[in-house]
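To start, the structure under review is shown below, and the notes come after it.
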Amino acid sequence: METIVALATPPGNSGVAIIRISGEKSKEILNKLIHEDLDFEPRKMYLKNVYAGDIVDKCLVVFFASPHSYTGEDVAEIHSHGGYFLSQKIIDTILEQGVTLAGKGEFSKRAFINGKMSMDQAEGVMDLINAESEMQAKAGSNLIQGKLKELISDYQNTLTDILAEIEAKLDYPEYEYDDTETKSLKERLLALKTDLENLIAESKSGLIIKNGVKVAIVGAPNVGKSSLLNALSKTDKAIVTDIAGTTRDVIEAEYEYNGIIFRLYDTAGIHESDDVVEKIGINRALKTIDDCDIVLKISTLNNICDIETNKPTIEVFNKSDLYSYNDDKYIYISALTMKNIDKLKHLIFEKTVKEDFNSNKLYLTNTRHIECVKKAKKAIENVLKIFDETTMDIISSEIKSAWYSLGEITGVTSDENIIDKIFSKFCLGK
Amino acid sequence: MLENVIDNYDAIVIGSGHAGSEAALALARLNKKTLLTTLNLDSIAFLACNPSIGGTAKGQLAGEIDALGGEMGVNADKSLLQLRMLNSGKGPAVQSLRAQVDKVEYHNEMKHTLERQKNLDILQCEVAEILVDQDKIVGIKTGMGEVFSCKAVVVCTGVYLNSKVIIGDYTKNTGPNGFEPSNLLTKSLIDLGIEIRRFKTGTPARVDGKSIDYSKFEIQPGDDLNVSFSQLNYNKQPKNKHVCYLGYTTEAMHNCIRENIDRAPLYSGKIKGVGPRYCPSIEDKIMRFADKERHQLFLEPESALTDEVYVQGISSSMPTDVQRKMYKLIDGFENVKIMRFAYAIEYDCINATELKNNLESKKISGLFFAGQINGTSGYEEAAAQGLMAGINAQRYIDALPPVVLRRDQAYIGVLIDDLVTKDIIEPYRMMTSRAEYRLILRQDNCDIRLTEIGRQLGLVDNKRYKLFKQKLKLIDDVNNELKRMCNPKQLEKLFIDKNESIPKSGLTLKECIKRNNITIFDIQNYYNLFETVPKNILDYINTEIKYEGYIKKELEQIEKQKKTDNISLPDLDYNSILGLRLEARQKLNKFKPSTLGQAKRIDGVSPSDINVLLVYLKLKKYI
């Protein structure tokens, strides 16, 4: 039987993903992935670098010799870091070796065939792949490489320098100091503040990589919001009828575009309604708009969407198979005929991520990290605000709290680092 | 059982420097029958380096020692020559008192205080052996063979253990100033399993004041202050009796040192001990900061009874001929006469991470260490440890729980916590940057922070306590007065004068002081208030009001920290906690921190390691 491969764990965000290979070539494939030639001791975990295209991931790998395995065949497992793209990349690499992608329930089927599993057990095994995006894998793998830490370390070092200057003068007030820095303290703090602000602003992109872009579809009843959701996501999640007010709850669906997940929120049509249930739906729709990154305002010939929002918006004119006009205000689409749906996808991408998006850039994707950077920025902001009217003890205390916040990311929180800097920079002492 | 015991003591303090004096006084004052041994009675509380007490962070230490009932502040006030408040323009949190003191008087006064102390005997002798029975202190034996029994020993040998003075090629096994070194005790410590290492420090030359051309120097007068080191002198106006001088090194001097650098023991490899960055020798300064054109130096009077002048900034271990040449190249030193040469000194000390946070050995019960033997530098650092070691030795003898000041309570707390947790590789100097709660650990509130603790320990006598209570009452009265509401009309003139926007509605006097340009003294003048309140108390209240927001923030941080910091750690094998990074495992196993807070402060233990520890402790139901 041919060798097969598939993801054995549920797809999506998880700490670990397990890729399972079953069949005669399992051991050979595993060796190729780790660039080695090992005679694996069965059922023993090895910590190895797994090479998949341009990505290297530190994984646990294990080999099970037939018949002592899940399927009863030779089986290899790769326990990689979680996330769809990384595991997909590894699977792609395996597929290049002439391995076949396992069909639904195929491992279980083989297990059943080889007497490892009863039929009803085998039937219970399901796997559904929840698409996660390519960008996220990149963001994750950048983190692994510690590039982000380097960047934050640079920022923290700037603060270390500043603190060393301040502290030296506080602890050795009787000494004279040659100011080696050309830029004033304030200028340097201001520059750092800007850097941190950018990092935070970009963290939005980072979160988008991780969580996807939230797209709200709003408009009056029966302008075809649900049809659009179905068209964009190529599903039929939303019930489409001609009856206005069919959608009462927020319906979700998603699609991937340029490696980013876009999450669609179809909302109840917003209008004055006496229907209690519909009213709740409308309130939810308004709340959904608040939570989203972009709003698609759907209009038709007779129903112009006039909802006001301060979120980025795209004016969409649906049912343009019936009527269209050549102007720039709207993008004319038809959810029915799929007219301009791809164009709309591109527009959504451009409006949400493209501007400041660069796949080689570093983005904060960890909420804790973002919080730390925000705290640091806030402290520096405060220093700048009070700089001219307060004394050095206060200024230093605020800068130090910014320094600690960044240290929470870099792991450098010992004051000794500042003191070392003082004495390497200045000639002090009796 | 010990044989031929000369006398039985509760505690014996070895060494009578700044640590030993405080330790002995604390023990005796806490009713322990105490013996203080010294190699030389004339070296009691000897100021072997600077003739000065205090300075940044050190002023706070001296104030804290005083608040707890220690002697350093009182003694410094008695022997004062000049007093300054450092950093006066940089905010109250970093202001520190610094005094020039008369080193002869300082020694005499401390010696006399020790002599008059009840429960305290002083004996000149060299201690050769610390006597231990089943890892517990039982006594000491002197070099002359006399045995004294005791329950606790405080080792305060300073820089005298196997000390070696180095001047160029000349070396001599001697303590500072030609005092006898202690050559026998190191072996005893090693036999007890104590790790010994070697540190180095140095001191500049003392020169004849009559040979200095002072016109080439800038005068540094004292400040007119109404504060003293000791709260016992709170109502006295300290008198400045002497001035100091500021001068600079010259290019010619630098060249002279560079030309002779191969003769500097530090560079020829003769000195093996590790020296402090905090007190670099002039040759070190010139080699390490080659492009600095000049270095400052300060001339400080040694005593009112001598013409000797201390040349701060020019410590050295160069041979005498180079010293003669290079000192003369200082502007104003053309005809200078050196009276004592600068020298470097090497000495044995221990690794303080072998101590518990009450300064007691982890190995031997009742064996305490304080001062430079623990790897610190500075009189104030030594005295602070001496005081705490004395207190904790008494508590050990009386089977009371140890007293450990927290990092948010006192610089003393920061100091000792650093000493027992950090891998110190050079003499440790206290600096304000080491304190994370600097806005709270101020010079002006040492007594507020610590007097009550000192009282409970039994070191704050009635006189001091009464003064303290009076001060608290005054502060209360002023604060109550400041709660008074004021009509904005009434305040108009003041606010206009001070360039502050006029308040729209009524506000309290305290709220006025919160304005940037208005101080408590403006309010005092405007309303003719607080006439009988000493200025330093008003200063203190002013600071508390102005800093209220920041202090509150620090207090919140302390509360937050306390929750995790105070979690005590059982004796764990950190190697078995695999979530910890390897470096963290090694460091934690080495230092065996007693609390999570200590673990956190160990260099090489990251915040994520602490999280792993927290999870581990919870999983294992330790917390």
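Here the protein sequences line up with chains A and B, keeping their order.
For the first sequence, the numbering used here begins at 8 and goes up steadily by one.
For the second sequence, the numbering used here begins at -8 and goes up steadily by one.
Every residue, glycine too, gets a C-beta built ideally from N, C-alpha and C.
Open item on the list: I need the straight-line Cα distance from V12(A) to H88(A), nearest angstrom please.
Closed with: Here the alpha carbon of V12(A) sits roughly 17 Å from the alpha carbon of H88(A).
Task: Distance, D513(B) Cα to G61(B) Cα - done: Approximately 36 Å between the Cα atoms of the pair.
Open item on the list: Runs of 3 residues minimum, wholly inside the segment 388 to 450 of chain B: which ones carry the beta strand (DSSP E) assignment?
Closed with: With a minimum length of 3 residues, no continuous beta strand (DSSP E) run stays inside the segment 388 to 450 of chain B.
- [ ] Would you mind telling me which residues of chain B sit closer than 9 Å to M345(A), beta carbon to beta carbon, in chain order?
- [x] None at all; the shortest Cβ gap to chain B is about 49 Å.
Task: For E522(B), the nearest candidate out of S7(B), E491(B), T28(B) and E472(B) (CA to CA) - done: It is E472(B) whose Cα lies nearest to the Cα of E522(B).
Open item on the list: Beta-carbon within less than 6 Å of D134(A)'s beta-carbon, same chain only, minus the 5 sequence neighbours each way: which residues are those?
Closed with: Because D134(A) carries a pLDDT of 24, less than 50, the predicted location of this residue cannot be relied on, and the following value inherits that uncertainty. Cβ contact annotation for D134(A) (same chain, cutoff 6 Å, sequence separation greater than five): none.
Task: Spatial distance of R75(B) from N217(B) (CA atoms) - done: Taking the straight line joining both Cα atoms gives about 11 Å.
Task: Residue interval of the alpha helix (DSSP H) (run including K474(B)) - done: Judged by DSSP secondary structure, K474(B) falls outside any alpha helix (DSSP H); it is assigned neither H nor E.
Task: Contact set between C434(A) and chain B, taken where Cβ atoms lie within less than 8 Å - done: Residues of chain B with a Cβ closer than 8 Å to the Cβ of C434(A) are, in chain order, P271, K276, R279, F280, K283 and H286.
Task: At least three beta-carbon pairs within less than 8 Å, the segment 109 to 122 of chain B to the segment 22 to 39 of chain B - done: Touching, yes, given that three or more Cβ pairs across the two stretches are closer than 8 Å.
TODO: Label G169(B) either buried or exposed according to how many other C-beta atoms from any shown protein chain fall within 10 Å of its C-beta, with 16 as the threshold for buried.
DONE: Its Cβ having fewer than 16 others within 10 Å, G169(B) is exposed.
Task: With 16 other Cβ atoms within 10 Å as the buried cut-off, status of H42(A) - done: Its Cβ having fewer than 16 others within 10 Å, H42(A) is exposed.
Task: DSSP state of E55(B) mapped onto helix, strand, coil - done: Correct three-state label for E55(B): helix.
Task: Bounding residues of the beta strand (DSSP E) (the contiguous stretch that carries Q104(A)) - done: Run containing Q104(A): none; DSSP gives neither H nor E here.
Open item on the list: Give me the chain A residues within the contact set of T633(B), using Cβ-Cβ distance strictly less than 7 Å, ordered along the chain.
Closed with: With chain B running from -8 to 614 in the structure shown, residue 633(B) is simply not present.
TODO: Have a look at Q163(A), Y58(A) and K232(A) and flag the residue whose alpha-carbon is nearest the alpha-carbon of K428(A).
DONE: When each option's Cα is compared against that of K428(A), the closest is Q163(A).
Task: Those runs of the alpha helix (DSSP H) which lie wholly inside the segment 299 to 352 of chain B and span at least 4 residues - done: Taken in chain order, the unbroken stretches of alpha helix (DSSP H) that lie wholly in the segment 299 to 352 of chain B and span 4 residues or more are 311 to 319.
- [ ] Using a Cβ cut-off of 8 Å (strictly closer), state whether S308(B) contacts chain A.
- [x] Cβ-Cβ to chain A under 8 Å: no for S308(B).
- [ ] Could you tell me which residues DSSP puts in a beta bridge with Y613(B)?
- [x] Note: Y613(B) sits in no beta bridge, so no partner.
- [ ] Under the assumption that K221(A) contacts C299(A) (Cβ atoms under 8 Å), give the Cβ distance between them as a whole number of angstroms.
- [x] The beta carbons of K221(A) and C299(A) sit about 4 Å from each other, so the pair counts as a contact at 8 Å.
TODO: Would you give the residue range spanned by the alpha helix (DSSP H) that S12(B) belongs to?
DONE: Its alpha helix (DSSP H) spans residues H9 to R20.
Task: Backbone secondary structure at D300(A) - three-state DSSP - done: In the structure shown, D300(A) falls within a coil segment according to DSSP collapsed to helix, strand and coil.
Open item on the list: Give me the subset of the segment 497 to 528 of chain B whose CB atoms are less than 7 Å from a CB atom of chain A, sorted by chain position.
Closed with: Those would be N507, in chain order.
Task: Expected contact under 8 Å - CB spacing of C434(A) and H245(B) to nearest Å - done: Contact between C434(A) and H245(B) does not hold, since their C-beta atoms are separated by about 12 Å, which reaches or exceeds 8 Å.
Task: chain A contact for L320(B) (CB, 8 Å cutoff) - done: Taking a beta-carbon distance threshold of 8 Å, L320(B) does not count as an interface residue toward chain A.
- [ ] Indicate whether at least one CB of chain B lies closer than 8 Å to the CB of T167(A).
- [x] Chain B, which has no Cβ nearer than 8 Å to the Cβ of T167(A), makes this no.
- [ ] Apply the 10 Å Cβ neighbour rule to D273(A) and answer buried if 16 or more other Cβ atoms are within range, or exposed otherwise.
- [x] Burial call: buried.
- [ ] Report yes or no: is there a C-beta of chain A within less than 8 Å of the C-beta of V394(B)?
- [x] Using beta-carbon distances, V394(B) does not count as an interface residue toward chain A, since no partner is under 8 Å.
- [ ] Show which residues of chain B have a CB atom less than 9 Å away from the CB atom of F70(A).
- [x] What F70(A) touches in chain B: nothing, since even the nearest Cβ is about 23 Å away.
Open item on the list: For a cutoff of 8 Å on Cβ pairs, would you count G418(A) as touching chain B?
Closed with: Yes - at least one Cβ of chain B is within 8 Å of the one on G418(A).
- [ ] Taking A401(B) and A380(B) to be in contact with their CB atoms under 8 Å, please state how far apart those CB atoms are, rounded to whole angstroms.
- [x] Not quite, the Cβ-Cβ distance comes to about 15 Å (not below 8 Å), so this is no contact.
Open item on the list: Only counting the same chain, and skipping five residues up and downstream in sequence, which positions put a Cβ closer than 6 Å to that of Q104(A)?
Closed with: For Q104(A), where only same-chain residues beyond five positions count, the Cβ hits under 6 Å are I36.
- [ ] Would you decide whether S567(B) is buried or exposed? Buried here means 16 or more other CB atoms lie within 10 Å of its CB.
- [x] By the Cβ neighbour-count rule, S567(B) is exposed, with fewer than 16 other Cβ atoms within 10 Å of its own.
Task: Partners in chain B for M52(A), counting only beta-carbon separations shorter than 9 Å - done: Near M52(A) there are no residues of chain B at all, since even the closest Cβ is about 13 Å away, more than 9 Å.
Task: Chain-ordered chain A contacts of N78(B) [CB-CB under 7 Å] - done: Neighbours of N78(B) in chain A, taken as residues whose beta carbon is under 7 Å from its own, are L177 and P180 in chain order.
- [ ] May I ask which residues mark the beginning and end of the beta strand (DSSP E) holding I25(A)?
- [x] Taken as a continuous stretch (DSSP letters only), the beta strand (DSSP E) holding I25(A) covers V23 to S29.
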